[in-house]
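Read in this note's numbering, the sequence shown has 53 at position 57, and its numbers run on one by one without any break. Quick reminder that beta carbons are idealized off the backbone N, C-alpha and C, glycines included. Because the structure is a prediction, the values reported are computed rather than measured.
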Amino acid sequence: MNKLPPAWTASPAPPTLVVVGQDRIEVLGTNVSTAEELVKLLFEQKIERIDLQVESSIDYERVGKVIYSVARSGVLIA
-3 MNKLPPAWTA SPAPPTLVVV GQDRIEVLGT NVSTAEELVK LLFEQKIERI
47 DLQVESSIDY ERVGKVIYSV ARSGVLIA
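And the structure:
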(Lines of atoms letter the chains of each structure in order from A and count residues from 1; the text may use other names and numbers.)
(Lines give C-alpha, C1' and ligand atoms only; values in the text may rest on other atoms or scores of the structure.)
Protein backbone atom coordinates (compact mmCIF):
# COMPACT_ATOMS: atom_id res chain seq x y z
CA MET A 1 0.00 0.00 0.00
CA ASN A 2 1.41 3.38 -1.01
CA LYS A 3 1.43 5.99 1.68
CA LEU A 4 1.26 9.58 0.65
CA PRO A 5 3.29 12.12 2.60
CA PRO A 6 1.26 14.40 4.85
CA ALA A 7 -0.04 17.52 3.17
CA TRP A 8 1.79 20.48 4.62
CA THR A 9 0.26 23.84 4.08
CA ALA A 10 1.99 27.05 4.93
CA SER A 11 -0.02 29.55 6.88
CA PRO A 12 -0.72 32.65 4.85
CA ALA A 13 1.12 35.78 5.89
CA PRO A 14 -0.93 38.01 8.14
CA PRO A 15 -2.68 40.84 6.30
CA THR A 16 -0.85 44.15 6.03
CA LEU A 17 -2.62 47.03 7.75
CA VAL A 18 -3.78 49.86 5.48
CA VAL A 19 -5.14 52.99 7.17
CA VAL A 20 -7.46 55.07 5.02
CA GLY A 21 -7.78 58.72 6.00
CA GLN A 22 -9.38 61.74 4.38
CA ASP A 23 -6.13 63.06 2.87
CA ARG A 24 -3.82 60.04 3.00
CA ILE A 25 -3.63 56.28 2.81
CA GLU A 26 -0.91 54.74 4.97
CA VAL A 27 0.70 51.34 4.46
CA LEU A 28 4.00 50.11 5.94
CA GLY A 29 4.81 53.62 7.19
CA THR A 30 4.42 55.12 3.71
CA ASN A 31 1.71 57.64 2.85
CA VAL A 32 0.06 57.82 -0.57
CA SER A 33 -2.76 60.06 -1.75
CA THR A 34 -4.85 57.93 -4.10
CA ALA A 35 -6.17 54.40 -4.42
CA GLU A 36 -4.12 53.98 -7.60
CA GLU A 37 -0.91 54.87 -5.75
CA LEU A 38 -1.90 52.38 -3.04
CA VAL A 39 -2.31 49.56 -5.56
CA LYS A 40 1.07 50.40 -7.11
CA LEU A 41 2.72 50.30 -3.67
CA LEU A 42 1.04 46.99 -2.79
CA PHE A 43 2.44 45.42 -5.97
CA GLU A 44 5.91 46.90 -5.41
CA GLN A 45 5.95 45.42 -1.89
CA LYS A 46 4.41 42.11 -3.08
CA ILE A 47 1.54 42.43 -0.61
CA GLU A 48 -1.26 39.94 -1.29
CA ARG A 49 -3.63 40.57 1.64
CA ILE A 50 -4.57 43.73 3.47
CA ASP A 51 -6.69 44.69 6.45
CA LEU A 52 -8.42 48.05 6.06
CA GLN A 53 -8.72 50.45 8.96
CA VAL A 54 -10.82 53.52 8.21
CA GLU A 55 -10.55 56.77 10.14
CA SER A 56 -13.88 57.95 11.53
CA SER A 57 -14.04 61.27 9.67
CA ILE A 58 -13.73 59.82 6.16
CA ASP A 59 -16.45 59.90 3.52
CA TYR A 60 -17.80 56.65 2.10
CA GLU A 61 -16.88 57.54 -1.50
CA ARG A 62 -13.15 57.52 -0.66
CA VAL A 63 -13.45 54.17 1.13
CA GLY A 64 -15.37 52.76 -1.84
CA LYS A 65 -12.66 53.87 -4.28
CA VAL A 66 -9.99 52.15 -2.19
CA ILE A 67 -11.98 48.92 -1.87
CA TYR A 68 -12.86 48.89 -5.58
CA SER A 69 -9.27 49.56 -6.74
CA VAL A 70 -7.75 46.99 -4.39
CA ALA A 71 -10.33 44.33 -5.28
CA ARG A 72 -9.82 44.86 -9.03
CA SER A 73 -6.06 44.51 -8.58
CA GLY A 74 -6.45 41.02 -7.10
CA VAL A 75 -5.19 41.91 -3.63
CA LEU A 76 -7.39 40.29 -0.96
CA ILE A 77 -9.07 42.34 1.73
CA ALA A 78 -9.22 40.47 5.04
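According to the DSSP assignment, Glu22 belongs to the beta strand (DSSP E) that extends over Ile21 to Val23. Glu32 has its alpha-carbon roughly 10 angstroms from the corresponding atom of Ser69. CA-CA distance, Leu13 to Glu57, rounds to 20 angstroms. About 7 angstroms separates the Cβ atoms of Val62 and Leu34, confirming a contact at the 8 angstroms cut-off. Residue environment: Ile73 is assigned as exposed (fewer than 16 neighbouring CB atoms within 10 Å of its CB, all protein chains considered). Taking the C-beta atoms as reference points, Val71 is found no nearer than 8 angstroms to Glu40. Val50 places its beta carbon less than 8 angstroms from that of Val59. Closest by C-alpha distance to Asp19, out of Thr30, Ile46 and Leu37, is Thr30.
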